[in-house]
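Colleague: Numbering (our numbering), first residue to last: 1455 to 2011. Heads up, the beta-carbon is just placed ideally off N, CA and C, and yes, glycines get one too. Only a predicted model underlies this, so the values are computations on that prediction, with no experimental measurement involved. One structure, as structure tokens, below. Some questions next.
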């Protein structure tokens, strides 16, 4: 497809992509309460910044929160002015970030010499992968960061391809803004993927030159803006903030992995195989096609995307701290590599028996199994619930609350997608499988957030537990917290700026105070108290709304 043909057909594909993004992300905005600790902590930090007079420096529990720069919280505060709710604003930030990354992938593929259809295919692969799909439905910093990093890469490559000084300067200014926002979201790690990708992908452009000067200037300006904010904040808060954010966090996250330690192969053996689903089976075939034809421009660009994504994954694997969100900015590179390979060599994939034809057929057969499971769910529900161990009661409640016709409709939807994908395979058009499955996944996601997840929210949300805690506190006891940063979720539900947090050393002195203590304690931290101190407290019931991690204790009379 020529560039003109791609331009003529770009808007219908982009509109279809945006529609699927809306089906995937917008029903998730208010379908459930906060389940993740990080999500509620970030929303609460934004709320305290907006409501308690700390607009420039992140605060949490009425104290400075130096773990993250403020751009994500600023974005939540700005969206809250539009929608009037911090939870919706936080979720909108994630949805807009991943949707912006999907749109950026379309333009990235165009810059690499492919048509608009290749860009849309790549973007559909991206938004239907498990990790981007799930991250776009929650309000996390990584969800916003992936959009900023993708568009910074687009601007850098567009500047390398542009003719004329003023156009290159304009694209460099855009890259600076996106990278500066990324650094103000999560620090200098935001520079890694855009700069590495532009350094290698720029050689695949028609100009064939790497914009080293522009990349250097852009990175310096982006880092300079975040350092300027940090300097001004440290002047107001204290020099400790400068030292902690520049040096303390780096040493902690690279050298101390006690909180999130995983084996070196964690990304390769768990995150990528599961995060790329349902497209993991296509990864070997698309990679091999790109490797075989890497001498051609589009094939070479796809191969370069694969090598970059795998290389950065290996680099991150050497670090001690590992989390799924750290890899999220790399998923657009995987999606672009797979999408370009599918667009450029759809027939070639079918010729690869082990790496192409069989995985695609297996993927279609898996759809049939899932469809059958959805249709049989109303009759197999009690048996399935019994297989889930400690989650059996939650599964039983969820299955019992779902109408039988909803599961049947979901199964029929997947069955139709399976039938359409089989026909596409027979016609040697694997790209049609991408369209069919992306639409099916979007439909399933919308159904889940309209009917399934609200039911699960009744017993997954911590709201009922914290409501019971606050009910007990109304009896005149002094409510204090004993444990970790995760306790700050109670600030969100109580709509209070600050709760008193006690350490092991604080507890003996607090017991001498006249007021009785009502202690919300971390189950893992509570045994660190001496047996004599623990014996002076009794556990309280929270009305059947127990928490797996926290327990409420009251000082005995």
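Output needed for residue 1625: all residues of its chain with C-beta closer than 7 Å, excluding positions within five of it in sequence on either side, in chain order.
Modeller: For residue 1625, where only same-chain residues beyond five positions count, the Cβ hits under 7 Å are 1609, 1612, 1613 and 1616.
Colleague: For a test of the three-state rule: what should DSSP assign to residue 1496, helix, strand or coil?
Modeller: It is helical.
Colleague: Mapping DSSP to helix, strand and coil, what is residue 1996?
Modeller: It is coil, neither helix nor strand.
Colleague: Just to confirm my understanding: we take residue 1472, look at its own chain, exclude 5 residues before and 5 after, and list those with CB closer than 8 Å. What are they?
Modeller: These residues qualify, in order along the chain: 1553 and 1557.
Colleague: Within the chosen definition, does the stretch 1650 to 1662 reach the stretch 1683 to 1700 through at least 3 CB pairs nearer than 8 Å?
Modeller: Taking 8 Å as the limit for Cβ pairs, the verdict is that the stretch 1683 to 1700 does not touch the stretch 1650 to 1662.
Colleague: With residue 1975 as the anchor, note down where its beta strand (DSSP E) starts and where it stops.
Modeller: Here the beta strand (DSSP E) through residue 1975 covers 1971 to 1976.
Colleague: Is the distance from the Cβ of residue 1537 to the Cβ of residue 1546 below 8 Å?
Modeller: Yes.
Colleague: Please confirm if the stretch 1584 to 1592 is in contact with the stretch 1631 to 1647, defined as three or more CB-CB distances below 8 Å between the two stretches.
Modeller: No, the stretch 1584 to 1592 is not in contact with the stretch 1631 to 1647.
Colleague: Measuring only the C-alpha atoms, how far is residue 1757 from residue 1922?
Modeller: Roughly 55 Å separates the two Cα atoms.
Colleague: For residue 1513, which residues does DSSP report across the bridge?
Modeller: Note: residue 1513 sits in a beta bridge opposite 1518.
Colleague: Can you look up residue 1584 in the DSSP assignment and give me helix, strand or coil?
Modeller: Residue 1584 falls in the helix class under three-state DSSP.
Colleague: How would you call residue 1736, buried or exposed, if buried means at least 16 neighbouring beta carbons within 10 angstroms?
Modeller: Residue 1736 should be labelled buried.
Colleague: Taking the runs of the beta strand (DSSP E) that are 3 residues or longer, which of them lie wholly in the stretch 1912 to 1976?
Modeller: Counting whole runs of 3 or more residues, the stretch 1912 to 1976 contains the beta strand (DSSP E) stretches 1932 to 1936, 1954 to 1956 and 1971 to 1976.
Colleague: Using beta-carbon positions only, say whether residue 1924 and residue 1948 come within less than 8 Å of one another.
Modeller: Yes, Cβ-Cβ distance for residue 1924 and residue 1948 is below 8 Å.
Colleague: Go through its chain and collect everything with a Cβ distance to residue 1603's Cβ below 7 Å, but skip five positions before and after it.
Modeller: These residues qualify, in order along the chain: 1636, 1644, 1647, 1648 and 1783.
Colleague: Verify whether the separation of the beta carbon atoms of residue 1564 and residue 1467 is less than 8 Å.
Modeller: Not closer than 8 Å, so no.
Colleague: Would you mind reading off the limits of the alpha helix (DSSP H) that contains residue 1700?
Modeller: From DSSP, residue 1700 is part of no alpha helix (DSSP H); its letter is neither H nor E.
Colleague: Tell me whether residue 2009 sits in a helix, a strand or coil according to DSSP, three-state version.
Modeller: Looking at residue 2009 - three-state DSSP - the assignment turns out to be strand.
Colleague: For residue 1991, list the residues DSSP reports as bridge partners.
Modeller: Answer by DSSP bridge pairing, in chain order: 2009.
Colleague: Rounded C-beta distance between residue 1762 and residue 1863? I'm assuming under 8 Å.
Modeller: That pair is no contact at about 41 Å.
Colleague: Compare the Cα-Cα distances from residue 1935 to each of 1974, 1747 and 1870 and report the closest residue.
Modeller: Out of 1974, 1747 and 1870, 1974 has the C-alpha closest to the C-alpha of residue 1935.
Colleague: Using the beta-carbon count (16 or more within 10 Å), is residue 1984 buried or exposed?
Modeller: Exposed, since its Cβ has fewer than 16 Cβ neighbours within 10 Å.
Colleague: Mind checking residue 1701: buried by the 16 CB within 10 Å criterion, or exposed?
Modeller: The residue in question, residue 1701, is exposed, as its Cβ has fewer than 16 Cβ neighbours within 10 Å.
Colleague: Looking only at C-alpha atoms, which of 1497, 1568 and 1506 sits nearest to residue 1529?
Modeller: Looking at the Cα atoms, 1497 is the closest of the given residues.
Colleague: Grouping DSSP H, G and I as helix and E and B as strand, with all else coil, what is residue 2004?
Modeller: In this structure, residue 2004 counts as strand in the three-state DSSP scheme.
Colleague: Just how far apart, CA to CA, sit residue 1501 and residue 1540?
Modeller: Taking the straight line from one Cα to the other gives about 7 Å.
Colleague: Determine, using beta-carbon pairs with one atom in the stretch 1520 to 1528 and one in the stretch 1950 to 1963, whether at least three such pairs fall under 8 Å.
Modeller: Contact fails: fewer than three Cβ-Cβ distances are below 8 Å.
Colleague: Whose C-alpha, out of 1760, 1725 and 1827, is nearest the C-alpha of residue 1781?
Modeller: It is 1725.
Colleague: On the criterion of 16 or more Cβ atoms from any shown chain inside 10 Å, does residue 1462 qualify as buried, or is it exposed?
Modeller: In this prediction, residue 1462 scores a pLDDT of 44, lower than 50, which makes its location untrustworthy; the coordinate-derived value is nonetheless stated afterwards. Under this definition residue 1462 is an exposed residue.
Colleague: Exposed or buried, residue 1535, counting other C-beta atoms within 10 Å across all chains shown (16 or more means buried)?
Modeller: Looking at its Cβ environment, which holds fewer than 16 other Cβ atoms inside 10 Å, residue 1535 is exposed.
Colleague: What ranges does the alpha helix (DSSP H) occupy inside the stretch 1551 to 1622, keeping only unbroken runs of at least 4 residues that lie completely in it?
Modeller: Here the runs fully enclosed are 1570 to 1582, 1584 to 1589 and 1595 to 1615.
Colleague: Assign residue 1493 to one of two classes, buried (16 or more other C-beta atoms within 10 Å of its C-beta) or exposed (fewer than that).
Modeller: Buried is the call here.
Colleague: Please report the straight-line C-alpha distance between residue 1580 and residue 1868, rounded to a whole angstrom.
Modeller: Going by the C-alpha atoms only, they are around 19 Å apart.
Colleague: Rounded to whole angstroms, what is the Cα-Cα separation between residue 1915 and residue 1752?
Modeller: Each residue's alpha carbon lies about 47 Å from the other.
Colleague: With DSSP run on the structure shown, which of helix, strand or coil describes residue 1903?
Modeller: The answer is helix: DSSP assigns residue 1903 an H, G or I state.
Colleague: Buried or exposed: residue 1630, going by 16 or more other Cβ atoms within 10 Å of its Cβ?
Modeller: Classification for residue 1630: buried.
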